[in-house]
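Novice: What follows is a structure written as structure tokens; I'll ask about it next.
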Amino acid sequence: MNAPSPSPASRIGQSTAIEMSRAEAEVKAAVFIAQQNPRNIENAQNEMRFACRQYALAEKAFFSYPKAGETVSGPSIHLARELALIWGNVQHGTMELSRDTVLGQSEILAYAWDLQRNSRSSQIFIAPHVRDTRKGKKDLTDLRDVYENNANLGARRLREAIFAMLPAWYTAEAITICQETLAKGDGTSLEQRIQQAIDSYKRVGVTVQQLETKVGYPRARWDEADIANLQVVFQSVAKGEMSRDEAFPPPRITAAEITGQQQ
Numbered sequence: 540m541n542a543p544s545p546s547p548a549s550r551i552g553q554s555t556a557i558e559m560s561r562a563e564a565e566v567k568a569a570v571f572i573a574q575q576n577p578r579n580i581e582n583a584q585n586e587m588r589f590a591c592r593q594y595a596l597a598e599k600a601f602f603s604y605p606k607a608g609e610t611v612s613g614p615s616i617h618l619a620r621e622l623a624l625i626w627g628n629v630q631h632g633t634m635e636l637s638r639d640t641v642l643g644q645s646e647i648l649a650y651a652w653d654l655q656r657n658s659r660s661s662q663i664f665i666a667p668h669v670r671d672t673r674k675g676k677k678d679l680t681d682l683r684d685v686y687e688n689n690a691n692l693g694a695r696r697l698r699e700a701i702f703a704m705l706p707a708w709y710t711a712e713a714i715t716i717c718q719e720t721l722a723k724g725d726g727t728s729l730e731q732r733i734q735q736a737i738d739s740y741k742r743v744g745v746t747v748q749q750l751e752t753k754v755g756y757p758r759a760r761w762d763e764a765d766i767a768n769l770q771v772v773f774q775s776v777a778k779g780e781m782s783r784d785e786a787f788p789p790p791r792i793t794a795a796e797i798t799g800q801q802q
């Protein structure tokens, strides 16, 4: 009698075991190489200081988006990735573990791993396939919409994982230098930077009056810090972290105004 052929389950199990063994070997090799080539902390700190003094990095170093009626802001995923690259011996990323189109959600892993210390910060979370709009939540069914939604949510969790893994002193100094670089600008005068900000916002349909409302006073009183804050908001709108109307809500029409128009 011929021996029974392996069941599909056993074949899958064997394949999984091989893959796990390969992954484990890669992990051991990566940790070994990192420990044989340790980072030079002084060099990393100096390189970080140089990078954060560059306006091209500083203008993308922060984010701002609305949440529950408030504005959430902080260091961006762009800055997190740059700091991780400079720190060295770090791996990070996101991985979609599963996707359920019936429930309308994905399970995603975000991780940051210091290979030299073999220290890892990771988080598994559920990403609903929905998008918040001014008219409420909108279900996402298009594959591209789902992909972009998962990528955006994954980037936020990845940012948290990277900053949790990096030394607090290193991150704090980078943030301070980037803020100083933003305030100083790119070498142009304050008046030129104000006009550049107005022109940039004009291209996306935001008026000077809306900008003055956002800042809280007329453009004649704007200073370097105001321009830096407007730059952060503009980058967040450009990257899709918040919509134009969320950043600059259109004026509400009062009942008296409606009555006056009808008369």
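For the sequence shown, the numbering used here assigns the number 540 to the initial residue and increments by one for each residue that follows. Backbone N, C-alpha and C fix where the C-beta goes; we use that ideal spot for every residue, glycine too.
(1) Helix, strand or coil for ARG732? Go by DSSP, reduced to three states.
(2) Could you please give the first and the last residue of the uninterrupted beta strand (DSSP E) stretch that includes ARG683?
(3) Which full runs of the beta strand (DSSP E) of 3+ residues lie inside the stretch 587–653, going along the chain?
(4) How about CYS717 and ALA562: are their beta carbons less than 8 Å apart?
(5) Could you give the uninterrupted runs of the alpha helix (DSSP H) lying entirely in the stretch 757–788, keeping only those of 4 residues or more?
(6) Can you tell me which of the three DSSP states GLN655 falls into?
(7) For ARG758, which residues of its own chain have a beta-carbon under 8 Å away from its beta-carbon, when the five flanking residues on both sides are left out?
(8) What distance in whole Å lies between the Cβ atoms of GLY744 and ARG783, which are believed to be in contact at a cut-off of 8 Å?
(9) According to DSSP, what are the bridge partners of ASP725?
(10) Could you name the residues of the same chain whose beta carbon sits closer than 8 Å to that of GLU780, not counting the 5 residues immediately before and after it, in chain order?
(11) Write down the C-beta distance between GLY700 and SER637 rounded to the nearest angstrom, noting that I regard them as a contact closer than 8 Å.
(12) According to the neighbour-count rule (16 or more other Cβ atoms, all chains shown, within 10 Å of its Cβ), is SER615 buried or exposed?
(13) Leaving out five residues before and five after ASN804 in sequence, what residues of the same chain have Cβ atoms less than 8 Å from its Cβ?
(14) Just list the residues that DSSP pairs GLY675 with in beta bridges.
(15) Given PRO667, which residues of its chain have a CB within under 6 Å of its CB, disregarding the five upstream and five downstream residues?
(16) Please go through the same chain and pick out, in chain order, the residues whose beta-carbon is closer than 6 Å to the beta-carbon of VAL685, but skip the five residues on each side of it.
(17) Can you give the beta carbon distance from ALA619 to ARG698, rounded, assuming they're within the 8 Å contact cut?
(18) Quick one: is PHE773 buried, meaning 16 or more other Cβ sit within 10 Å of its Cβ, or exposed?
(19) Could you spell out the range, first to last residue, of the alpha helix (DSSP H) harbouring THR746?
(20) Which residue wins for smallest C-alpha separation from LYS723, given the options PRO706, TYR594, GLU581?
(21) Whole angstroms are fine: how far does the CA of GLN630 sit from the CA of GLU712?
(22) Using a Cβ-Cβ cut-off of 7 Å (strictly less than) and excluding sequence neighbours within five positions of ASN689, which residues of its own chain qualify?
Specialist: On the basis of the data shown:
(1) helix
(2) Here ARG683 belongs to no beta strand (DSSP E); instead the alpha helix (DSSP H) covers 682–704.
(3) 601–606, 609–614, 629–639, 644–653
(4) no
(5) 763–777, 783–786
(6) coil
(7) ILE733, ILE737, VAL747, LEU750, GLU751
(8) 6 Å
(9) DSSP lists no partner for ASP725.
(10) PHE602, SER603, TYR604, ASN691
(11) The residue you asked about is not Gly; residue 700 is Ala in the sequence shown. 19 Å between Cβ atoms; not a contact.
(12) buried
(13) As displayed, the chain neither begins before 540 nor continues past 802, which places residue 804 out of reach and without an answer.
(14) THR672
(15) GLN644
(16) HIS668, LEU679
(17) 5 Å
(18) buried
(19) Note, THR746: premise wrong, no alpha helix (DSSP H); not H, not E.
(20) TYR594
(21) 22 Å
(22) GLU635, SER645, ILE647, ALA666
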